[in-house]
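In our numbering, the protein residues as written are 5 to 191. All C-beta atoms in this analysis are idealised placements derived from N, C-alpha and C, irrespective of residue type, glycine included. It should be emphasised that the depicted structure is a prediction, and the values quoted were computed from it without experimental measurement. Have a look at the structure below before the remarks.
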Amino acid sequence: MQFEPRDQFEQRHKKLEQIQALGHDPYPREFRWTDTPAALVEKYGETSGPELEANKREVRVAGRMVSYRLMGKAGFAHLQGTGKKIQIYVRRDVVGEQGFQLFHLLDLGDSIGVRGHLFRTKTNEMSIWVDEIFFLSKALLPLPEKWHGLTDVELRYRQRYLDLIANEKSRQVFETRARIVQESKRR
Numbered sequence: 005m006q007f008e009p010r011d012q013f014e015q016r017h018k019k020l021e022q023i024q025a026l027g028h029d030p031y032p033r034e035f036r037w038t039d040t041p042a043a044l045v046e047k048y049g050e051t052s053g054p055e056l057e058a059n060k061r062e063v064r065v066a067g068r069m070v071s072y073r074l075m076g077k078a079g080f081a082h083l084q085g086t087g088k089k090i091q092i093y094v095r096r097d098v099v100g101e102q103g104f105q106l107f108h109l110l111d112l113g114d115s116i117g118v119r120g121h122l123f124r125t126k127t128n129e130m131s132i133w134v135d136e137i138f139f140l141s142k143a144l145l146p147l148p149e150k151w152h153g154l155t156d157v158e159l160r161y162r163q164r165y166l167d168l169i170a171n172e173k174s175r176q177v178f179e180t181r182a183r184i185v186q187e188s189k190r191r
């Protein structure tokens, strides 16, 4: 039996209803972020783990979930924003039962915001230790496959937003083209 996108739409819609039942606004109006994933990677990418732990700089970051790993009472995910990814670490005893239930109901493609501080994991990956998690929006349809992406050229042009999410090279071309057009309009 093949898994249909319609089934995924229905499952994700049920999860959205469960998120709403937890008390989260399904369509929040704002999230005040302090940094983007790209800015954190650029600014603190070379900073050592002990130095990050000593400073414990609080950050508020929003992004789209592009990976998700649960491990009992904790979990990891990657948030993507402005072309870069940063890992987040969520623990049940830190975010609380309701926050961890929200984390369980998230899918790839969902937009979330987190508040926490930077640290390095045992594998030396820069991450955010999440103190609070915020629901921003639900992706009711799945993202394209991770490895193959959008290979159909016609589909890439019809659903440009998916191409910009899934394909880093397309996003870079889009940003470069936008800068060129903006500069040509200034003159």
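Helix, strand or coil for Lys77 per DSSP?
-> coil
Reference Leu112; option with closest CA among Tyr72, Glu129, Gln105 = Tyr72
Please go through the same chain and pick out, in chain order, the residues whose beta-carbon is closer than 6 angstroms to the beta-carbon of Gly103, but skip the five residues on each side of it.
-> Ile137
Sort out for me which residues DSSP pairs Lys47 with in a bridge.
-> Per DSSP, Lys47 has no beta bridge partner at all.
Give me whichever residues DSSP pairs with Arg95 in a beta bridge.
-> Ala78
So the alpha helix (DSSP H) Asp167 belongs to, where does it begin and stop?
-> Element bounds for Asp167: 164 to 170.
Is it true that the CB of Ile132 sits closer than 9 angstroms to the CB of Ile90?
-> yes
Residue span of the alpha helix (DSSP H) that contains Leu140, given as start and end | First-last for Leu140: 130 to 141, but that is the beta strand (DSSP E), not the alpha helix (DSSP H).
Report the partner residues of Phe123 according to the DSSP bridge assignment.
-> Ser131
By the 10 Å Cβ neighbour count, where 16 or more other Cβ atoms means buried, how is Thr40 classified, buried or exposed?
-> buried
Is Leu83 helix, strand or coil by DSSP?
-> DSSP places Leu83 in strand when its eight states are reduced to three.
Taking Glu57 as part of the alpha helix (DSSP H), name the residues at either end of that continuous run.
-> Glu57 -> alpha helix (DSSP H) spans 53 to 59.
Going by beta carbon distance, what residues of the same chain come within less than 6 angstroms of Gly85, once the five residues before and after it are set aside?
-> Thr40, Pro41, Gly67
Could you tell me if Lys142 is buried or exposed, where buried requires 16 or more neighbouring beta carbons within 10 angstroms of its beta carbon?
-> buried
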